[in-house]
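**Student:** Quick note on numbering: the sequence shown equals residues 0 to 329 in numbering that gives the first Met the number 0.
By construction, the Cβ of each residue, glycine as well, lies at the ideal position given by its N, Cα and C atoms.
The structure displayed is predicted, hence computed values, not measured ones.
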Amino acid sequence: MSAEASGSSGGNVVTVSGSAPSFSSHVGEGKADRSLAGSKYVKLNVGGTLHYTTVQTLSKEDSLLRSICDGSTEVSIDSEGWVVLDRCGRHFSLVLNFLRDGTVPLPESTRELEEVLKEAQYYRLQGLVQHCLTTLQKRRDVCRGCHIPMITSAKEEQRMIATCRKPVVKLQNNRGNNKYSYTSNSDDNLLKNIELFDKLGLRFNGRVLFIKDVLGDEICCWSFYGEGRKIAEVCCTSIVYATEKKQTKVEFPEARIFEETLNILIYENGRGSGGMALLESGGVSSPGVGQSEEEGAGVGGGDRRVRRIHVRRHIMHDERGHGQQTVYKD
């Protein structure tokens, strides 16, 4: 398609070749003499950004763009037939794609997403406005889920756990508490535990409170709480003898940690009492992988115990094939 402009007395007549009929505009008045309803194609100049589309696309939603096409809103048209819209054209391609497809990927940047929202509100595109608002709310919820309280004292921890109505997962991570050197894979496993903590925090956002303790005695230990009391604990560290020196070994029992996280969901919304039998039946770990110990007396005559899971390897060998004896920390 091509546009041809020819001069005429009192203004310019713009003819769009093809099936679209001609329409005229007066430069002095800057207003369209007639609607674009009979036209098939429209040329738009949005803040200096040029777009070529159809009247059908612009008329898909009840919006400012439709009112421009049916003549109910007057617009400026330049001498070359471009409909001039005094807006920033940075996101107008996204606006057009939304009209074409009914949906559109939104920018990752919150600032750019808010800019798109402003444009959608200006053009009165309610579908795109709602899409932007929903996406913004989801991202804000995720940001809230990423906020992890950091424990600074034992009293703060007790108060936080006792007053929280949600199940609680605590990761105690104090790498500086180690007295010995680490085994070869310990640093990687320590990072894997931290990454899993962040992933679980996002996955169970709003359902579980995740807190981090960097001042405790353990190098890497997971604790799980329901109804204000500890339900289970997964200790990921042990002391091993490699030849004549001691070393600290950090494990990454991902399946066990994930299982215990699912278990405490029973305590969501005060449903913990009905789920005790299921929790107790899930406290035995696989042979050779971990050991589960149940400790603690019941409160008020009830049998309430804490499952303590310690990752273990019965026989380990160093790089030279020498056997290692594992000492388990209780």
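CB L170 to CB N192, shorter than 8 Å?
**Tutor:** Contact flag set, yes.
**Student:** What is the C-beta distance between E217 and C234, in whole angstroms, given that I count them as a contact (C-beta under 8 Å)?
**Tutor:** 7 Å
**Student:** Please report how far the alpha carbon of A119 lies from the alpha carbon of K248, in whole angstroms.
**Tutor:** 56 Å
**Student:** What is the rounded straight-line gap between the Cα of E79 and the Cα of S62?
**Tutor:** If you take the alpha carbons of E79 and S62, they lie about 25 Å apart.
**Student:** Decide if the region 150 to 164 is in contact with the region 197 to 215; the criterion is three or more beta carbon pairs, one per stretch, under 8 Å apart.
**Tutor:** Taking 8 Å as the limit for Cβ pairs, the verdict is that the region 197 to 215 does touch the region 150 to 164.
**Student:** Does DSSP put Y40 in a helix, a strand or coil?
**Tutor:** Strand.
**Student:** Please give the ranges of any beta strand (DSSP E) in the region 177 to 254, keeping only runs that are unbroken, at least 3 residues long and fully inside the region.
**Tutor:** 208 to 212, 219 to 225, 228 to 234, 236 to 241, 244 to 249
**Student:** Leaving aside the five residues before and after I67 along the sequence, list all residues of the same chain whose C-beta is less than 8 Å from its C-beta, in chain order.
**Tutor:** L35, L57, V74, V82
**Student:** With DSSP as the reference, label I265 as helix, strand or coil.
**Tutor:** helix
**Student:** For N172 versus V213, is the C-beta distance shorter than 8 Å?
**Tutor:** yes
**Student:** One question on the structure: do T53 and K39 come within less than 8 Å of each other, judged by their Cβ atoms?
**Tutor:** yes
**Student:** According to DSSP, is V103 part of a helix, a strand, or is it coil?
**Tutor:** coil
**Student:** Three-state secondary structure (DSSP) at A296?
**Tutor:** Here A296 scores only 40 on pLDDT, less than 50, and its place in the model is too uncertain to base an answer on.
**Student:** Just confirm the distance between the C-beta atoms of N188 and E250, as a whole number of angstroms; I'd bet it's less than 8 Å.
**Tutor:** Approximately 6 Å separates the beta-carbon atoms of N188 and E250; this is inside 8 Å, confirming the contact.
**Student:** Have a look at N184, R307, L135, G46 and flag the residue whose alpha-carbon is nearest the alpha-carbon of T109.
**Tutor:** L135
**Student:** Kindly list the residues whose CB is nearer than 8 Å to the CB of T151, restricted to its own chain and excluding five residues on each side of it in sequence; keep chain order.
**Tutor:** Counting only Cβ-Cβ distances below 8 Å, and skipping sequence neighbours, we find L214.
**Student:** Give the secondary structure of R174 by DSSP, where H, G and I count as helix, E and B as strand, and everything else as coil.
**Tutor:** helix
**Student:** Compute the beta-carbon to beta-carbon distance between Y179 and Q129, rounded to the nearest angstrom, for a pair I have assumed lies under 8 Å.
**Tutor:** Incorrect: roughly 58 Å between the Cβ atoms, too far for contact.
**Student:** Do you know how far the Cα of L64 is from the Cα of Y121?
**Tutor:** 10 Å
**Student:** Pick out whichever of Y266, I256, F203, T182 has its Cα sitting closest to the Cα of G225.
**Tutor:** Of Y266, I256, F203, T182, the residue nearest in Cα terms is Y266.
**Student:** So with Cβ pairs under 8 Å, would you call N173 a contact of chain B?
**Tutor:** Included in the structure is just one protein chain, with no chain B present.
**Student:** Can you name the residues that DSSP bridges to I150?
**Tutor:** D212
**Student:** Can you find the residues in the same chain that come closer than 7 Å, C-beta to C-beta, to K137, ignoring five residues on each side of it along the sequence?
**Tutor:** none
**Student:** Is H50 near F97, with beta carbons less than 8 Å apart?
**Tutor:** Contact: no.
**Student:** Kindly indicate which three-state DSSP category H130 falls into: helix, strand or coil?
**Tutor:** helix
**Student:** Quick one: what does DSSP say Y122 is sitting in, helix, strand or coil?
**Tutor:** coil
**Student:** Which residue marks the beginning of the beta strand (DSSP E) containing V82, and which one marks its end?
**Tutor:** Counted as a single uninterrupted DSSP element, the beta strand (DSSP E) harbouring V82 occupies residues 82 to 84.
**Student:** By Cβ distance, which residues of its chain are closer than 6 Å to N44, with the 5 residues on each side in sequence left out?
**Tutor:** W81, V83
**Student:** From P166 to G175, what does the alpha carbon distance come to, in whole angstroms?
**Tutor:** Taking the straight line from one Cα to the other gives about 28 Å.
**Student:** Does DSSP put T52 in a helix, in a strand, or in coil?
**Tutor:** strand
**Student:** Excluding the 5 residues preceding and the 5 following V115 in the sequence, name in chain order all residues of the same chain whose CB lies nearer than 7 Å to its CB.
**Tutor:** H90, L93, L105, P106, C131
**Student:** Less than 8 Å separating the beta-carbons of L190 and I256?
**Tutor:** no
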